[in-house]
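Following: one structure in structure tokens, then a few remarks.
Protein chains in written order, with our numbering: chain A, 1 to 500; chain B, 1 to 322.
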């Protein structure tokens with residue numbers, strides 16, 4: 001039974017909509033939060049949870065809809081305004097002034113004063129009082145960056161309690177905690193709800209929902225799938241709610257001829273990030289790497305690419321492969337297309353031509369001097385082959401659409417034998433997505449090995465010959481194309497296979 | 001939009017696409033202005049003098065451009081130049097070292113300063129501003145500790161680049177020719193070699209450049225060393241132009257070289273700019289100094305106008321990129 005079922009509603013959202021260029025992040029979302037309940041929000045990456053809490057926290061303005069808080073329609077204008085109203089948010093990345101002490105952080109922006117001076121005694125005494133009420137003790141006069149992550153989280157919670165907080169939003173609070181600290185966090189959450197504070201609790205771990213939440217709401221593709229009492233759902237039914245979507249027919253995947261092992265990784269480790277990773281990718285094969293954000297997928301690609309340090313052994317086409325820099329990897333025809341095109345991929349102030357040939361310039365050079373005609377011919381061929389839309393190859397990449405920019409980066413690495421793709425279609429419209437999938441299929445047919453990280457399950461299912469699911473730095477499960485389903489991937493990605 | 005308007009716009013955008021077109025137009029306008037104000041300005045010997053007057057700063061500015069293109073900055077350039085000049089002249093005059101060998105030692109000492117700058121920027125990841133602020137003072141102090149005396153009676157080899165040859169009735173300084181050749185080499189390297197492309201890439205986005213397979217550390221260290229060798233050559237040109245080894249020289253040269261780079265349209269944020277723009281930038285400063293001098297304007301007003309020029313030039317650049 002849900003003990004909060006009869007509590008009055010404190011916060012209600014009606015028909016909330018929010019778009020970003022090219023994406024509808026939230027579409028007609030209705031959500032109500034009861035007084036003193038823990039309301040869990042679930043959904044895949046990009047499902048709309050973060051956008052929703054940012055609207056509540058005053059970080060984004062909403063495009064449509066109405067927010068009713070304590071019976072009154074409110075227009076939340078800024079993070080400060082949200083706090084004034086009584087809505088506090090604890091983000092995954094804490095907002096602490098790292099060099100300031102605990103009381104300074106707890107009272108940041110409204111330190112108690114005596115005349116013009118800060119009243120340190122009151123600040124300390126009231127900090128102590130709040131922390132005692134939370135049932136914890138902290139050393140007060142140390143800078144916050146000397147505290148553990150769990151302790152910093154406590155400071156964030158204490159911060160929220162200095163104001164009249166009625167709704168506390170916690171964005172994946174457990175992501176940074178170990179088991180012992182989790183137990184403490186749950187106790188604190190319970191003590192807060194006992195005082196009538198409502199908690200909006202975002203998590204990727206399904207088991208937590210059953211542990212702490214009274215109600216749960218599932219998001220998918222910017223829409224709300226449903227709100228349920230936790231007592232009415234099971235792990236399986238939740239997973240179904242999260243993933244039950246129609247596979248759009250945009251995946252041109254054909255069964256390519258799978259050849260010999262090209263990339264063979266044995267016992268790859270990177271302290272705290274990657275644990276004993278072993279995998280193989282064969283010529284002609286597209287291997288999907290699924291998992292939650294922070295599971296270590298990007299880190300794995302970076303290690304293979306020589307961008308980060310690692311321990312372990314790798315072979316490429318049977319020969320030892322131990323790149324110590326991206327240059328090493330590229331020289332051996334292993335390429336990485338990064339997730340963040342703008343920060344880690346493109347040279348934004350340069351032209352299409354410059355960006356296309358930068359990694360393989362030597363092939364156009366005789367003794368360091370670039371053969372311009374050869375270069376131009378190659379780039380024009382690439383533009384045609386990948387259907388890159390640009391007025392000319394000397395135009396800058398900065399103004400191009402995401403899809404075209406991504407094609408430029410893929411063109412850069414078309415000579416590779418092993419292609420590592422990190423979220424290859426993030427932020428790209430469906431048409432370009434389809435074209436990029438087509439390129440991937442063509443490359444696989446030519447005998448390339450492709451290892452693709454993706455958080456979009458349909459993409460993983462639609463494009464992969466095999467799926468590796470990562471969870472907390474481990475490969476939790478290998479699934480064949482036949483075995484892989486949204487349910488099976490989510491089960492291992494969320495770690496729920498470890499619970500049952 | 002009418003067809004004619006569109007054509008106009010196309011022509012305009014083609015003109016704007018010519019590298020360093022902005023600075024070039026500024027140089028032309030300034031020259032036209034001074035030509036109308038004084039008859040002597042356009043004479044061959046005066047124009048040759050302008051180039052001769054900018055040959056030292058111009059050569060420094062080549063190195064400065066390379067470093068700024070990597071999104072760095074070099075405050076030590078003038079002091080490295082002065083140190084190289086002092087070492088060359090002192091070794092040759094005070095110790096009787098073969099002047100050619102003395103010049104080479106001077107260039108090597110410059111290169112070592114470049115290596116120090118480059119190593120600190122890449123290995124310890126200190127900001128170039130801080131590193132070169134430090135090496136500026138270090139080189140300054142090394143010069144003063146070594147000598148406070150002006151070194152005179154230089155061997156002929158060291159003043160060669162201050163000598164002239166004549167085309168028609170116009171005397172041209174060998175050093176001016178060397179500067180122009182160095183600009184042409186730098187232009188070729190930047191536009192037509194892999195290394196030049198890598199330099200722009202690193203200046204644009206060092207992490208993206210690294211992930212594109214560029215050895216950013218090696219590239220940056222090379223750039224600092226090559227630039228420092230250019231400062232050494234500037235030291236030789238300075239020696240030749242003044243005929244002495246001067247321990248007081250070069251104290252403002254860092255700012256003067258940065259002025260030339262900025263007037264030439266190179267972005268201080270790196271990755272965007274043209275080395276020929278720097279030559280034009282150096283000439284703009286030279287033309288203003290020379291023209292104002294011919295008009296009888298006091299030298300402090302020349303400095304004032306240079307300051308205004310920099311701000312106006314960068315403002316135009318900023319506005320045109322919005």
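Quick reminder that beta carbons are idealized off the backbone N, C-alpha and C, glycines included.
{"Asked": "Which same chain residues end up closer than 7 Å to residue 1 (chain B) when comparing Cβ atoms and leaving out the 5 residues on each side of it in sequence?", "Found": "The pLDDT assigned to residue 1 (chain B) is 46, lower than 50, so where the model puts this residue is not dependable; a value taken from the coordinates is nonetheless given after this. Counting only Cβ-Cβ distances below 7 Å, and skipping sequence neighbours, we find nothing."}
{"Asked": "Out of A:422, A:394 and A:426, state which residue places its alpha-carbon closest to the alpha-carbon of residue 502 (chain A).", "Found": "Given a span of 1 to 500 for chain A in the structure shown, any question on residue 502 (chain A) remains unanswerable."}
{"Asked": "Skipping 5 residues on each side, what residues in its chain have a beta carbon closer than 8 Å to that of residue 475 (chain A)?", "Found": "277, 278, 279, 468 and 469"}
{"Asked": "Helix, strand or coil for residue 320 (chain A), going by three-state DSSP, please let me know.", "Found": "strand"}
{"Asked": "Please classify residue 246 (chain A): is it buried, with 16 or more other beta-carbons within 10 angstroms of its beta-carbon, or exposed?", "Found": "Confidence at residue 246 (chain A) is low in this model, with a pLDDT of 43, below 50, so the placement of that residue is unreliable and no value is reported for it."}
{"Asked": "Taking Cβ to Cβ, would you say residue 310 (chain A) is nearer than 8 Å to residue 346 (chain A)?", "Found": "no"}
{"Asked": "At a cut of 8 Å, does the segment 46 to 53 of chain B reach the segment 218 to 226 of chain B through at least three beta carbon pairs?", "Found": "no"}
{"Asked": "Check whether the Cβ of residue 205 (chain B) lies closer than 8 Å to any Cβ atom in chain A.", "Found": "yes"}
{"Asked": "Our contact map puts residue 370 (chain A) next to residue 361 (chain A) with C-beta atoms below 8 Å; I'd like the distance itself, whole angstroms only.", "Found": "7 Å"}
{"Asked": "With distances taken Cα to Cα, identify the nearest neighbour of residue 126 (chain A) among A:143, A:284, A:145 and A:155.", "Found": "A:155"}
{"Asked": "Please report the distance separating the alpha-carbon of residue 103 (chain B) from that of residue 354 (chain A).", "Found": "39 Å"}
{"Asked": "Taking 8 Å as the CB-CB limit, is residue 61 (chain B) close to chain A?", "Found": "no"}
{"Asked": "In chain B, what lies closer than 7 Å to residue 359 (chain A) by C-beta?", "Found": "212 and 213"}
{"Asked": "Would you call the CB atoms of residue 253 (chain A) and residue 441 (chain A) closer than 8 Å?", "Found": "yes"}
{"Asked": "Would you call residue 490 (chain A) buried or exposed, if buried means 16 or more other Cβ atoms sit within 10 Å of its Cβ?", "Found": "buried"}
{"Asked": "Relative to chain B, which residues along the segment 359 to 385 of chain A have a C-beta separation below 8 Å, given in chain order?", "Found": "359, 361, 362, 365, 368, 369, 370 and 372"}
{"Asked": "Just to confirm the assignment, what range does the beta strand (DSSP E) spanning residue 201 (chain A) have?", "Found": "198 to 202"}
{"Asked": "Run through the segment 391 to 435 of chain A for me and flag every whole beta strand (DSSP E) of 3 or more residues, listed as ranges in chain order.", "Found": "418 to 422"}
{"Asked": "Is the distance from the Cβ of residue 312 (chain A) to the Cβ of residue 272 (chain A) below 8 Å?", "Found": "no"}
{"Asked": "Rounded to whole angstroms, what's the CA-CA distance from residue 245 (chain B) to residue 237 (chain B)? Just pull it up for me.", "Found": "11 Å"}
{"Asked": "Step through the CB atoms of chain A and report whether any lies within less than 8 Å of the CB of residue 118 (chain B).", "Found": "no"}
{"Asked": "Please report the distance separating the alpha-carbon of residue 115 (chain B) from that of residue 210 (chain B).", "Found": "21 Å"}
{"Asked": "Going by beta-carbon coordinates alone, are residue 278 (chain B) and residue 179 (chain B) separated by less than 8 Å?", "Found": "no"}
{"Asked": "How many angstroms separate the CA atom of residue 13 (chain A) from the CA atom of residue 162 (chain A)?", "Found": "26 Å"}
{"Asked": "Per DSSP, which residues does residue 312 (chain A) bridge with? Please list them.", "Found": "DSSP lists no partner for residue 312 (chain A)."}
{"Asked": "Give a yes or no on whether the minimum CB-CB distance between residue 414 (chain A) and chain B is below 8 Å.", "Found": "no"}
{"Asked": "Within its chain, find whatever has a CB closer than 6 Å to the CB of residue 9 (chain A); leave out the 5 residues flanking it on each side and keep chain order.", "Found": "32 and 34"}
{"Asked": "By the DSSP assignment, the beta strand (DSSP E) with residue 449 (chain A) in it spans what residues?", "Found": "449 to 453"}
{"Asked": "Within the 8 Å Cβ cut-off, does residue 1 (chain B) reach chain A?", "Found": "In this predicted model, residue 1 (chain B) has a pLDDT of only 46, less than 50, meaning its place in the structure is not dependable enough to derive any value."}
{"Asked": "Could you list which residues in chain B have their beta carbon closer than 7 Å to that of residue 338 (chain A), in chain order?", "Found": "211"}
{"Asked": "Classify residue 163 (chain B): buried if its beta carbon has 16 or more other beta carbons within 10 angstroms, exposed otherwise.", "Found": "exposed"}
{"Asked": "Tell me which same chain residues have a C-beta within less than 6 Å of the C-beta of residue 478 (chain A), skipping the five on either side of it?", "Found": "468"}
{"Asked": "Taking CB distances under 8 Å as the criterion, tell me whether residue 325 (chain A) reaches chain B.", "Found": "yes"}
{"Asked": "Report yes or no: do three or more beta-carbon pairs, one from the segment 32 to 42 of chain B and one from the segment 282 to 295 of chain B, lie closer than 8 Å?", "Found": "yes"}
{"Asked": "Could you tell me the distance, in whole angstroms, from the CA atom of residue 161 (chain B) to the CA atom of residue 98 (chain B)?", "Found": "17 Å"}
{"Asked": "Report the option in A:261, A:288 and A:209 whose CA atom is closest to the CA atom of residue 315 (chain A).", "Found": "A:261"}
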